[in-house]
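A quick write-up on the structure given underneath.
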(Lines of atoms letter the chains of each structure in order from A and count residues from 1; the text may use other names and numbers.)
(Lines give C-alpha, C1' and ligand atoms only; values in the text may rest on other atoms or scores of the structure.)
Protein backbone atom coordinates (compact mmCIF):
# COMPACT_ATOMS: atom_id res chain seq x y z
CA UNK A 1 0.00 0.00 0.00
CA UNK A 2 1.16 3.52 -0.85
CA UNK A 3 -0.24 6.70 0.66
CA UNK A 4 -0.44 9.70 -1.65
CA UNK A 5 -0.35 12.99 0.25
CA UNK A 6 -1.28 16.16 -1.65
CA UNK A 7 -0.95 19.54 0.05
CA UNK A 8 -3.41 21.90 -1.59
CA UNK A 9 -3.63 25.67 -1.16
CA UNK A 10 -6.96 27.12 -2.29
CA UNK A 11 -7.64 30.72 -3.24
CA UNK A 12 -8.97 32.52 -0.15
CA UNK A 13 -12.73 32.92 -0.31
CA UNK A 14 -13.14 29.88 -2.59
CA UNK A 15 -12.84 27.16 0.05
CA UNK A 16 -16.52 26.20 0.00
CA UNK A 17 -16.55 26.06 -3.80
CA UNK A 18 -13.46 23.86 -3.73
CA UNK A 19 -15.08 21.54 -1.18
CA UNK A 20 -18.18 21.28 -3.38
CA UNK A 21 -16.02 20.49 -6.44
CA UNK A 22 -14.20 17.82 -4.43
CA UNK A 23 -17.52 16.26 -3.41
CA UNK A 24 -18.64 16.25 -7.04
CA UNK A 25 -15.41 14.61 -8.23
CA UNK A 26 -14.82 12.23 -5.32
CA UNK A 27 -16.22 9.21 -7.17
CA UNK A 28 -13.98 9.90 -10.19
CA UNK A 29 -10.97 9.33 -7.94
CA UNK A 30 -12.35 6.74 -5.52
CA UNK A 31 -13.61 4.42 -8.28
CA UNK A 32 -10.19 4.20 -9.93
CA UNK A 33 -8.85 0.63 -10.02
CA UNK A 34 -6.19 0.29 -7.34
CA UNK A 35 -7.60 3.10 -5.16
CA UNK A 36 -8.34 1.84 -1.65
CA UNK A 37 -9.52 5.03 0.06
CA UNK A 38 -9.79 8.80 -0.38
CA UNK A 39 -9.96 11.44 2.34
CA UNK A 40 -9.79 15.24 2.17
CA UNK A 41 -9.02 17.29 5.27
CA UNK A 42 -9.13 21.05 5.83
CA UNK A 43 -6.83 23.16 7.97
CA UNK A 44 -8.26 24.47 11.21
CA UNK A 45 -5.75 27.29 11.66
CA UNK A 46 -5.35 27.75 7.88
CA UNK A 47 -8.79 27.09 6.31
CA UNK A 48 -7.47 27.68 2.78
CA UNK A 49 -5.14 24.68 3.13
CA UNK A 50 -6.35 21.17 2.40
CA UNK A 51 -4.67 17.77 2.56
CA UNK A 52 -5.77 14.98 0.23
CA UNK A 53 -4.92 11.46 1.42
CA UNK A 54 -5.31 8.61 -1.05
CA UNK A 55 -4.38 4.99 -0.39
CA UNK A 56 -3.28 3.16 -3.54
CA UNK A 57 -2.36 -0.47 -4.14
CA UNK A 58 0.90 0.84 -5.64
CA UNK A 59 2.49 3.92 -7.18
CA UNK A 60 1.83 2.29 -10.56
CA UNK A 61 -1.91 2.13 -9.77
CA UNK A 62 -1.85 5.86 -9.07
CA UNK A 63 0.16 6.79 -12.13
CA UNK A 64 -1.16 4.34 -14.74
CA UNK A 65 -4.79 4.02 -13.63
CA UNK A 66 -5.35 7.64 -12.65
CA UNK A 67 -2.72 10.21 -13.62
CA UNK A 68 -2.34 8.89 -17.17
CA UNK A 69 -6.08 8.53 -17.72
CA UNK A 70 -9.06 10.70 -18.59
CA UNK A 71 -10.07 10.39 -14.92
CA UNK A 72 -7.26 12.77 -13.96
CA UNK A 73 -8.32 15.31 -16.60
CA UNK A 74 -11.89 15.23 -15.27
CA UNK A 75 -10.74 15.43 -11.64
CA UNK A 76 -8.37 18.31 -12.29
CA UNK A 77 -10.94 20.26 -14.30
CA UNK A 78 -13.25 20.17 -11.27
CA UNK A 79 -10.83 21.14 -8.49
CA UNK A 80 -7.98 22.83 -10.37
CA UNK A 81 -9.64 26.24 -10.86
CA UNK A 82 -9.52 26.80 -7.09
CA UNK A 83 -5.78 26.17 -6.62
CA UNK A 84 -3.74 29.11 -5.35
CA UNK A 85 -0.60 27.17 -6.40
CA UNK A 86 0.15 23.73 -7.81
CA UNK A 87 -0.35 21.02 -5.15
CA UNK A 88 2.68 19.38 -3.58
CA UNK A 89 2.26 15.62 -4.00
CA UNK A 90 4.36 12.84 -2.47
CA UNK A 91 3.99 9.11 -1.85
CA UNK A 92 4.63 7.40 1.49
CA UNK A 93 4.83 3.84 2.81
CA UNK A 94 4.28 2.59 6.34
CA UNK A 95 7.19 2.20 8.72
CA UNK A 96 7.04 -1.10 10.63
CA UNK A 97 6.75 -0.79 14.40
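Residue numbers (UniProt numbering): 1 to 97.
Built from N, CA and C at the ideal position, the CB exists for glycine as well.
Only a predicted model underlies this, so the values are computations on that prediction, with no experimental measurement involved.
Within 8 Å, strictly: CB atoms of residue i and residue j
| i | j | result |
| --- | --- | --- |
| residue 6 | residue 87 | yes |
| residue 15 | residue 69 | no |
| residue 10 | residue 75 | no |
| residue 37 | residue 60 | no |
| residue 93 | residue 66 | no |
| residue 25 | residue 58 | no |
| residue 91 | residue 3 | yes |
Limits of the beta strand (DSSP E) - the one that residue i falls within
| i | result |
| --- | --- |
| residue 42 | 35–42 |
For residue i, the three-state DSSP class (helix, strand or coil)
| i | result |
| --- | --- |
| residue 45 | coil |
| residue 84 | coil |
| residue 6 | strand |
| residue 68 | coil |
| residue 95 | coil |
Endpoints, alpha helix (DSSP H) assigned at residue i
| i | result |
| --- | --- |
| residue 25 | 15–30 |
Rounded distance between the beta-carbons of residue j and residue i, thought under 8 Å
| i | j | result |
| --- | --- | --- |
| residue 22 | residue 40 | 5 Å |
| residue 72 | residue 8 | In fact, because the Cβ distance is near 15 Å, the residues do not count as touching under 8 Å. |
Cβ neighbours of residue i in the same chain (closer than 6 Å, five flanking residues each side left out)
| i | result |
| --- | --- |
| residue 42 | 50 |
Spatial neighbours of residue i in its chain, beta-carbon cut-off 7 Å, leaving aside the 5 residues before and after
| i | result |
| --- | --- |
| residue 79 | 18, 21, 22 and 25 |
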